[in-house]
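Written below as structure tokens is the structure these notes are about.
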Amino acid sequence: MASFLESVQSNFDKAASHMNIPSGLLEQIRVSNAVYRMNFPVRFGNSYKVIEAYRVQHSHHRLPTKGGIRFSEHVNQNEVEALAALMTYKCAIADVPFGGAKGGVKINARELTERQKERVTRRYTMELIKRNFIGPAIDVPAPDYGTGPKEMAWILDTYSTFKIGEMNAPACVTGKPVTQHGIRGRTEATGRGVFYGIRELFDRKNEVKNVGLTTGVAGKTMSIQGLGNVGSYTALISSSEGDVKVIAVAEYEGSIYDAKGINIEALLKYRKEHGSILGFPGSKTLPNRDDALYVDCDILVPAALEGVIHEGNMKKIKAKVIAEAANGPVTADADSYLTKKGVIIIPDVYLNAGGVTVSYFEWLKNISHVRFGRLEKRFQEQQNREVIKLIEKITGKTVDKRDSQFIAKGADEIDIVRSGLEETMITAFEQIYSVKRKKKNVDSFRTAAFINALSKVSNDYMSLGIFP
Ligand code: NAD
1 MASFLESVQS NFDKAASHMN IPSGLLEQIR VSNAVYRMNF PVRFGNSYKV IEAYRVQHSH
61 HRLPTKGGIR FSEHVNQNEV EALAALMTYK CAIADVPFGG AKGGVKINAR ELTERQKERV
121 TRRYTMELIK RNFIGPAIDV PAPDYGTGPK EMAWILDTYS TFKIGEMNAP ACVTGKPVTQ
181 HGIRGRTEAT GRGVFYGIRE LFDRKNEVKN VGLTTGVAGK TMSIQGLGNV GSYTALISSS
241 EGDVKVIAVA EYEGSIYDAK GINIEALLKY RKEHGSILGF PGSKTLPNRD DALYVDCDIL
301 VPAALEGVIH EGNMKKIKAK VIAEAANGPV TADADSYLTK KGVIIIPDVY LNAGGVTVSY
361 FEWLKNISHV RFGRLEKRFQ EQQNREVIKL IEKITGKTVD KRDSQFIAKG ADEIDIVRSG
421 LEETMITAFE QIYSVKRKKK NVDSFRTAAF INALSKVSND YMSLGIFP
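This is the structure we're talking about:
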């Protein structure tokens, strides 16, 4: 079976074969620009544990580099390099002006106490500071599997302790709590972006017709693997804003199914109380942990980890569309098989770009030292009210109170973030779709997305004059 990095590189090679990029430049784009492998001791109780960790900066064509930090017992260099490379292409696709990076710490976050996680996070940050591998203009981490706003706050606190007087210090990391220089809408951003991406596909009649589906996401059935940050918001937003029916969910402890639809908000509450999704009222427990992957549904959303759909189980997949919320959930072998079979795969490199997009907005907020909407909101509201008054005066009619409030409202930070995210996901989809339609022999959204990314990154290198 191809490794994760080999899978990413094979997608890269496939896209490159449709382009005319000089081989030296291709190689420069393909390789990791800097890999920092570290081992550091952390005291747990009366003993020390030596922890293996990584930070990979895949591409320095634009700075800072950007990418999440993963806490998982499966972390290894191959995985972190693959994830960092995906970040480079993802940033290019979403027009986020950063190079790609990724961090990985080989620990099982589930087995650590809060204090132990804090120690690991702070020590990892110190290692990055020592080697100049973190900073607002250098490399900016964010959350990924096993990490969230709390870890990002510890990173900022550690960084600020060592960088007294650095005005832009809060921009050294994104995905922070809103009270710690974060931005409204970051926590939901990846899942919200996944929903926008799925909705875009279902707006393209010619595409969904090929798999026997009608346009529009409303009423479509969905199965989700992984109800963490990305999976839970994808499920919540798809059902509440898109009227999608979530019929199956897989978590660490097993899979559940309910043909009538699962109330995700209630399921999340149930899991918090019971520590498991199993036994959720109205649902039946499927025999095996991964069975939610194999249910007959319109949209399958793998939102846990890479490599979950592979040569060994690809023939069991019944979904018509696979929406890759996780990074690398479909291996290269499974990708070829499923694409040939006619399954539409919306690729990770586009679909989960919502997180880095809103991270970019957070970074902009931090370096400009002002909340989005703060300066113009009230002015906008006053202007809108004047327009409504003028309309009422000219027409002699009164605008309904609710309509008037809606029209007059100036944009808050959350409104600006959501609309910026929606715009990014729609524009990126259009670009990828246009490549897919125009380029002969491009049979998948993934290859089209990689072509889009490679053309932007290679243009950047060309304009730097490095590769004439
Ligand atoms: P998370 O840690 O918040 O959630 C992952 C969930 O998957 C957890 O609830 C975990 O219990 C579950 N899980 C683990 N193994 C499983 C299995 N075998 N079967 C079913 N469930 C399983 O992580 P996340 O941040 O939601 O990240 C998930 C994926 O999305 C990763 O591939 C990550 O790289 C990708 N991603 C995350 C972000 C982000 O903003 N957090 C952005 C882009 C991509």
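The numbering of the sequence shown is our numbering, which starts it at 1 and goes up by one. Beta carbons are placed, not taken as given, at the ideal position from N, Cα and C, and that holds for glycine.
- The stretch 243-254 makes contact with the stretch 277-294; the number of CB pairs closer than 8 Å reaches 3 or more.
- For N452, the enclosing alpha helix (DSSP H) starts and ends at 445-463.
- DSSP lists T65, G135 as the beta-bridge partner residues of D139.
- Bridge partners of Y257 according to DSSP: A248, K284.
- Secondary structure remark: continuous alpha helix (DSSP H) runs of at least 4 residues inside the stretch 181-215, in chain order: 186-202, 205-210.
- The secondary-structure analysis by DSSP pairs M38 across a beta bridge with A53.
- Here DSSP, grouped into helix, strand and coil, assigns K176 to coil.
- Here the C-alpha atom of I414 lies approximately 15 Å from the C-alpha atom of G191.
- With contacts defined by Cβ atoms closer than 7 Å, A92 and K456 form a contacting pair.
- DSSP places R374 outside both helix and strand once states are collapsed to three, so it counts as coil.
- With 16 or more neighbouring CB atoms inside 10 Å of its own CB, R199 falls in the buried class.
- In the structure shown, S47 falls within a strand segment according to DSSP collapsed to helix, strand and coil.
- In the DSSP secondary-structure assignment, K102 is bridged to V56.
- Take the alpha-carbon of S404 and the one of G373: they are about 20 Å apart.
- The C-beta of V31 has fewer than 16 other C-beta atoms within 10 Å across all chains shown, which makes the residue exposed.
- By the neighbour-count criterion, in which a residue is buried when 16 or more other Cβ atoms sit within 10 angstroms of its Cβ, I277 is buried.
- The C-beta of Q431 has 16 or more other C-beta atoms within 10 Å across all chains shown, which makes the residue buried.
- Counting along the chain, I344 sits inside the beta strand (DSSP E) bounded by residues 344-346.
- The nearest non-hydrogen atom of the ligand NAD is less than 6 Å from the C-beta of G146.
- CA-CA distance, V178 to D412, rounds to 14 Å.
- By the criterion of a C-beta distance shorter than 6 Å, F44 is surrounded in its chain by Q116, once the five residues flanking it on both sides are discounted.
- Per DSSP, reduced to three states, the secondary structure at T357 is helical.
- In the three-state reduction of the DSSP assignment, L5 falls in the helix class, which pools H, G and I.
- Taking the Cα of K341 as reference, the smallest distance to any Cα among D348, D203, N327, M314 is reached at M314.
- Residue pairing from DSSP places Q225 in a beta bridge opposite A250, P302.
- Under the three-state reduction of DSSP, R70 is assigned to strand.
- The C-alpha of M222 lies about 34 Å from the C-alpha of S17.
- The Cβ-Cβ distance between V194 and V356 does not fall below 7 Å.
- Between the alpha carbons of S3 and N78 lies a gap of roughly 8 Å.
- Under the criterion of beta carbons closer than 8 Å, V105 and I51 qualify as touching, at roughly 6 Å.
- For a cut-off of 8 Å, the C-beta gap from T285 to G254 is around 6 Å, short enough to register as a contact.
- According to the DSSP secondary-structure assignment, I309 is paired through a beta bridge with V330.
- For the ligand NAD, no non-hydrogen atom lies closer than 6 Å to the CB of A92.
- M87 is classed as buried because its beta carbon has at least 16 other beta carbons within 10 Å across all chains shown.
- Of the residues assessed, S240 falls on the exposed side of the cut-off, its CB having fewer than 16 other CB atoms within 10 angstroms.
- Annotation for M425: G193, Y196, G197 place their beta carbon closer than 6 Å to its own, counting only its chain and skipping 5 residues before and after.
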